[in-house]
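Okay, so here's the structure we're looking at.
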Amino acid sequence: MSDSADKSFCGFATIIGAPNAGKSTLINTMVGEKVSIVSSKVQTTRTRVLGIVVEGTSQIIFVDTPGLFKPGNDRMEKAIVASAWEGLSDADLVLFVVDATKGMSRPVRTIMDRLKNVTGKKYILVLNKVDETAKTKLLEIATMMNAAMDFEATFMVSARDNDGVKDLVKYVAGLMPQGPFHYPEDQMTDMPMRLLAAEITREKLFRAVHEEIPYDITVETESWEEFEDGSIKIDQVVFVARDGQKKIILGRGGEMIGKIGTQARTELEEIMGCRVHLKLFVKVRENWSEDSDHYKLWGLSHSSSDTDGF
Ligand SMILES: Nc1nc2c(ncn2[C@@H]2O[C@H](COP(=O)(O)OP(=O)(O)OP(=O)(O)O)[C@@H](O)[C@H]2O)c(=O)[nH]1
Ligand SMILES: [Mg+2]
Numbered sequence: 009m010s011d012s013a014d015k016s017f018c019g020f021a022t023i024i025g026a027p028n029a030g031k032s033t034l035i036n037t038m039v040g041e042k043v044s045i046v047s048s049k050v051q052t053t054r055t056r057v058l059g060i061v062v063e064g065t066s067q068i069i070f071v072d073t074p075g076l077f078k079p080g081n082d083r084m085e086k087a088i089v090a091s092a093w094e095g096l097s098d099a100d101l102v103l104f105v106v107d108a109t110k111g112m113s114r115p116v117r118t119i120m121d122r123l124k125n126v127t128g129k130k131y132i133l134v135l136n137k138v139d140e141t142a143k144t145k146l147l148e149i150a151t152m153m154n155a156a157m158d159f160e161a162t163f164m165v166s167a168r169d170n171d172g173v174k175d176l177v178k179y180v181a182g183l184m185p186q187g188p189f190h191y192p193e194d195q196m197t198d199m200p201m202r203l204l205a206a207e208i209t210r211e212k213l214f215r216a217v218h219e220e221i222p223y224d225i226t227v228e229t230e231s232w233e234e235f236e237d238g239s240i241k242i243d244q245v246v247f248v249a250r251d252g253q254k255k256i257i258l259g260r261g262g263e264m265i266g267k268i269g270t271q272a273r274t275e276l277e278e279i280m281g282c283r284v285h286l287k288l289f290v291k292v293r294e295n296w297s298e299d300s301d302h303y304k305l306w307g308l309s310h311s312s313s314d315t316d317g318f
């Protein structure tokens with residue numbers, strides 16, 4: 009082993025919590041770049057997303073997971089929740105993110121109950137959204153949660169405002185096991201660009217369409233062409249389950265899809281630092297959630313219907 013590997017530290021810190029707690033916002037703030045999409049809707053994150061941070065001599069591989077909730081009968085929901093619990097198995101450390109404005113809510117208590125069966129993990133409590141929570145309430149939640157579970161430490165942060173997040177990253181870095189870095193120093197995620205590009209469009213869709221919008225819409229990058237002038241042409245398909253959903257997403261005279269496309273294109277241009285031509289198509293695909301190809305694409309297990317999540 010080389011000299012530098014002797015003095016380096018590297019490990020996995022998995023981020024778990026109820027839907028909408030701010031897990032993806034937190035991973036993006038810690039990484040300093042968007043690696044995971046964020047929206048005010050629950051179940052925004054569908055699979056495990058890595059955000060890699062180098063802090064001093066430590067490389068921390070943060071793992072963002074879908075929100076833990078009690079899934080219904082839907083296969084997609086079950087696969088999402090199973091994927092979140094799987095994220096725990098490799099964890100050297102677990103960050104339990106709680107939306108402090110909601111306190112020790114039912115989903116939080118259910119997760120704590122379930123964690124009792126997971127042995128040998130170290131946990132950090134992260135109370136998020138302090139910007140919207142009264143101090144007395146924060147202290148109350150911290151006290152109750154620490155009484156109910158064994159945490160290495162409690163941090164109170166605003167992932168959105170980058171308040172308290174740096175201290176959290178430093179603390180996590182100090183708990184990483186000794187070992188060589190798993191990823192090159194400048195790598196921030198393991199997500200391929202085609203997939204990230206599709207995720208960005210999905211984020212804009214989630215944010216733009218407030219009516220009856222299907223959590224089960226998916227976006228796929230169908231083609232990706234790079235030109236000599238440095239620009240990129242991307243074709244994506246938005247798959248919906250019903251014709252009515254297609255109408256909502258297209259909007260009157262295509263106004264809605266045009267707006268979504270512009271927002272996604274602007275962000276992609278920022279990330280990639282070049283001109284992007286983005287073309288979006290909307291297609292109706294019935295019963296897509298039974299289609300196993302999607303599960304493969306997302307690294308979700310199609311056969312997880314026998315896992316009951318909680
Ligand atoms: N006020 C406030 N809002 C926040 C903060 N962090 C996240 N949010 C908001 O909370 C909502 C959910 O954020 P996400 O990061 O998507 O939450 P998540 O836990 O990843 O959600 P799922 O992937 O659906 O489980 C978004 O509207 C965020 O803007 C924060 O520190 N303060
Ligand atoms: Mg998320």
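Per the numbering used here, the sequence shown starts with residue 9, numbered consecutively.
Think of the CB as a built atom: it goes at the ideal place given N, C-alpha and C, for glycine as much as any other residue.
Within 8 Å, do at least three Cβ pairs link the stretch 49-57 to the stretch 74-94? yes
Does Ile88 come out as helix, strand or coil in the three-state DSSP assignment? helix
Around ligand 2, what residues have a beta-carbon under 7 Å from a heavy atom of it, in chain order? By the rule of a C-beta closer than 7 Å to any heavy atom of ligand 2, the residues picked out are Lys31, Ser32, Ser44, Val46, Thr52, Thr53, Asp72, Pro74 and Gly75.
How would you write the range of the beta strand (DSSP E) that Phe104 sits in, first residue to last? Leu101 to Asp107
Should Val292 go down as buried or exposed, given a rule of 16 or more other Cβ atoms within 10 Å for buried? Under the 10 Å beta carbon count, Val292 is surrounded by fewer than 16 other beta carbons and is classified as exposed.
Is the beta carbon of Ile242 less than 7 Å from the beta carbon of Glu234? no
DSSP three-state assignment for Tyr131, whether helix, strand or coil: strand
Should Cys282 be labelled buried (16 or more other beta-carbon atoms within 10 Å of its own) or exposed? Exposed, because fewer than 16 other Cβ atoms sit within 10 Å of the Cβ of Cys282.
Taking buried to mean at least 16 other C-beta atoms within 10 Å of its own C-beta, is Ile23 buried or exposed? Ile23 comes out buried.
With DSSP as the reference, label Gln186 as helix, strand or coil. Looking at Gln186 - three-state DSSP - the assignment turns out to be strand.
Below 8 Å on the Cβ atoms is my guess for Ile119 versus Ala26; work out the distance and round it to an integer in Å. 7 Å
Straight-line CA distance for Ile279 to Leu204? 10 Å
With distance defined between alpha-carbon atoms, name the residue in Tyr179, Ser231 and Trp232 nearest to Glu160. The shortest Cα separation from Glu160 among Tyr179, Ser231 and Trp232 belongs to Tyr179.
Could you check whether Ser166 and Val134 sit closer than 7 Å to each other, using their CB atoms as the reference points? no
Best match in Phe77, Gly261, Thr109 and Gln67 for proximity to Lys15 [C-alpha to C-alpha]: Proximity to Lys15 across Phe77, Gly261, Thr109 and Gln67 peaks at Gln67, based on C-alpha coordinates.
Can you give me the Cβ contacts of Glu33 inside the same chain, cut-off strictly under 7 Å, excluding the 5 residues immediately before and after it? Here the sequence assigns Thr to residue 33, which means Glu is not the residue at that position. Hits under 7 Å: Val46, Ala167 and Arg168.
Closer than 6 Å to a non-hydrogen atom of ligand 1 - does that hold for the CB of Asp194? Asp194 Cβ: outside cutoff for every heavy atom of ligand 1.
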